[in-house]
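Okay, structure first, notes after.
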Amino acid sequence: MQPETKPSHTEVEHVKAKSDYLRGTLAESLNNTLSGALNPEDTHLIKFHGSYQQTDRDLDSERKIQKLEPLYSFMIRVRVPGGVATPAQWLRMDALADQYANGTLKLTTRQAFQLHGVHKRHLKSAIRGFNEVLLDSLAGCGDVSRNVMCSPNPEESRVHAAVQEVARSISATFTPRTTAYYEIWLDGQPVDKSQPFATHKPGGADEEPVYGNTYLPRKFKIALAVPPQNDTDVFANDIGLIAIEKDGELAGFNVAAGGGLGMTFGEPQTFPRLADMLGFVETKDILKVCEAIITTQRDHGNRENRRLSRLKYTIERMGLATFKREVEVRSGVSFQPEKPYRFEGTGDRYGWTPAAGGRFHLTLFVEGGRVADTPSYQLKTALRVVATVHDGDFRLTGNQNLIIGNISPEKRPAIEAILEKYGVLEHTFRQTALRQHSLACVALNTCSQAFAEAERYLPALLDKIDDILRETGLEQEAITIRMTGCPNGCARPYLAEIGLVGKAVGKYNLYLGAAFNGERLNKLYREMLDEEGILRELRPLLQAYAGERNPGERFGDFCIRKGWVQATTHGTNFHG
Ligand code: HEM
Ligand code: SF4
């Protein structure tokens, strides 16, 4: 296929078009030992391979003074469709974090693993390392369908198993077909032939039947959820699929489209937006419908301005009715009226739950999704030891937490003893419910977009907010709080009852009024607050909530009832 770009298209579009299916000069960039960085155009392409080139921002100014190039390193995002990994995969990721990265694993808000601080010379070894246990980073980032999320739901249910299966098939269907990934990273030899990207002959002509050679205009996210839990925040995704059950079996999905949370400060034409409901579709038609939504975005999405290129803006431009018709025509499937469902919350349910076949799931709180060893808490070691005895699975949740899944009754005592020894259960249960419902993106020191701290700072801020909760008796009240270092919104702050978005070093915008179940965005309440300001603003709000809430009333709903913010009913009125 010939490049189809126009002069008005963005630089990234031109880079994709001439990249020969995502090769560019990546091989050459990797061989250049004089710099820790890639050729500039390859920095766009490597995202499709699941990696971002970053600098250590803590060291940037010092190195500039010393006339050194920034300390370049790479983040690698390893896909885990539906979030389910084996103990062998866990052990390998744990080892790779020590061997090639910064000694920690980040469990992301989209159920992927992230390695941070990988130097260019180690990229290939790291990628080969996880490929050997059948994990890959292809389409971890970039303008393609990324890691497909699915409720890892710790519940004994045939519907959950069926929905996981659909998630895996969506993931496989929309994985890019280019052979560049294993050509560049695996010397042309995929380790396992069953991997989706290995279905194409090395050296054979590349073809991208769904994407074409310029891929999508922008990133594309798909998530599935099983009511009553919205633990994948389905409405934050380009495609959100809500499982509908009939007589204990999966009947199909309510399909929502056009969600996406990123925005840019000072550009009100950009806004977070929840997905619109298109209607119900039977399971057998779901791949056709997803493909039609993806190709509609491929053909109608904006390729001239990356800030306005997500599906949410395409739908705004086309109009929902026209978009829906287009999807029906392309797929040959008519949407039925949406089926009734009810979401209770976006959080995880901590602790033990029964699983199929007499097994158990155990959901653990992982603060900021960071699996690390610190002097006071050796979580990474604890989980490594668990992985050596565990015969079930590890499930990454969309809330940066971890489920030790399918624990057999025989292994349960050993696993409990390990967790007890390292204080892991105690760590989960001694937290306030607010902290248990917190998310923080990576932000400084690695993310180039960050204006402010998030993951490194939120725990300390929560210590202070916890004091207010204790004073007001709200320790056990589940309230969602999410912090990001910039308005891109990677930890979904606009869906938090308390959203904090970094605007400058130490300064955050405070957003209130989102729904606890992920069905309503929040709204700006105060701008540019420092820590003192955040605490000063939150204290009276929490005091009022403690004294005046109706039975069962959520904090987000209370903020609206009190008139502190107006309800955001659609992305287009997020800004007021
Ligand atoms: C213009 C928009 C965006 C840009 C440029 C962007 C860029 C980035 C970068 C550079 C990182 C890596 C940070 C690091 O690991 O050091 C990151 C992390 C991440 N992003 Fe985004 N992002 C954008 C929007 C979003 C949105 C809207 C979401 C989802 C709602 C999202 C989901 C994630 C996730 C899950 C991570 C992993 C880290 C975590 O769990 O916090 N991103 N993003
Ligand atoms: S929200 Fe901003 S600061 Fe945080 S990871 Fe995403 S891009 Fe980086």
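So for the sequence shown, the numbering used here puts the first residue at 69; every next one is plus one. Idealized CB from N, CA, C, for every residue including glycine.
Measuring from the CB of residue i, is there a heavy atom of the ligand SF4 at a distance below 7 Å?
| i | result |
| --- | --- |
| N556 | yes |
| C209 | no |
| A572 | no |
| Q517 | yes |
| A180 | no |
| V510 | yes |
| T552 | yes |
| A522 | yes |
State the DSSP-derived secondary structure class of residue i, mapped to helix, strand or coil.
| i | result |
| --- | --- |
| L94 | helix |
| E79 | helix |
| F642 | coil |
| R131 | helix |
| A266 | Per-residue confidence for A266 stands at a pLDDT of 42, beneath the threshold of 50, marking its modelled position as unreliable; the derived number appears in the next sentence. Looking at A266 - three-state DSSP - the assignment turns out to be helix. |
| M143 | strand |
| V227 | helix |
| A482 | helix |
| I566 | strand |
| G586 | coil |
| G419 | strand |
| H505 | coil |
| Y120 | strand |
| K115 | helix |
| Y445 | strand |
| V302 | helix |
| G210 | coil |
| K289 | coil |
| Q70 | Only weak support exists for where Q70 lies, its pLDDT of 47 falling under 50; the coordinates are left without a value. |
| A635 | coil |
Of the residues the options, which one's Cα is nearest the Cα of residue i?
| i | options | result |
| --- | --- | --- |
| V349 | G308, W632, S516 | G308 |
| I472 | Q182, G460, V397 | G460 |
| G197 | Y283, L329, A169 | A169 |
| R189 | L98, L254, P149 | L98 |
| V280 | V212, S141, E233, N585 | The sequence shown places Gly at residue 280, not Val. Here the closest residue by C-alpha is V212. |
| A564 | R427, T123, A304, A389 | A304 |
| L470 | L447, D625, F116 | L447 |
| A311 | T247, P340, V231, G326 | V231 |
| G620 | L597, Q544, L94, G256 | Q544 |
| E317 | A450, V227, D204 | V227 |
| T172 | Y490, V439, S205, A293 | V439 |
| Q601 | G581, L537, K532, E616 | Note on residue identity: the sequence assigns Gly, not Gln, to residue 601. G601 has its Cα closest to that of K532, out of G581, L537, K532, E616. |
| R463 | V80, A194, Y381, T154 | T154 |
| H638 | H368, I133, E275, R341 | R341 |
| P408 | T93, K289, A511, G347 | G347 |
| N513 | G185, L164, K74, I362 | G185 |
Given residue i, which residues of its chain have a CB within under 6 Å of its CB, disregarding the five upstream and five downstream residues?
| i | result |
| --- | --- |
| E595 | N577 |
| V83 | E109, H112 |
| H429 | P222, T421, A423, I471, G473 |
| E587 | none |
| G644 | none |
| S119 | F142, I144 |
| G330 | N556, G557 |
| V453 | I486 |
| R366 | L284 |
Using C-beta distances below 7 Å, list every residue in its chain close to residue i, excluding the 5 sequence neighbours before and after it, in chain order.
| i | result |
| --- | --- |
| E335 | R375 |
| T540 | L610, Q611, A614 |
| G466 | T177, R178, Q179, M217, D299, T300, D301 |
| K575 | A520, M596, L597, D598 |
| S476 | R427, D459, G460 |
| E372 | S76, H77, T78 |
| T332 | T338, R375, P555 |
Suppose the cutoff is 8 Å on Cβ atoms and the five residues either side in sequence are ignored; what does the same chain contact list for residue i look like?
| i | result |
| --- | --- |
| A229 | A424 |
| V457 | K479, A482, I483, I486 |
| T351 | A230, V234, L318, A319, G320, F321 |
Is it the case that the CB of residue i approaches a heavy atom of the ligand HEM more closely than 7 Å?
| i | result |
| --- | --- |
| K174 | yes |
| R560 | yes |
| A304 | yes |
| G334 | no |
| Y381 | no |
| Y409 | no |
| Y168 | no |
| G150 | no |
| T449 | no |
| T421 | no |
Any beta carbon from chain B within less than 8 Å of residue i's own beta carbon?
| i | result |
| --- | --- |
| A564 | The structure shown contains no chain B, having only a single protein chain. |
Curious, which full-length alpha helix (DSSP H) runs of at least 4 residues does the stretch 311 to 380 contain?
-> 354 to 368
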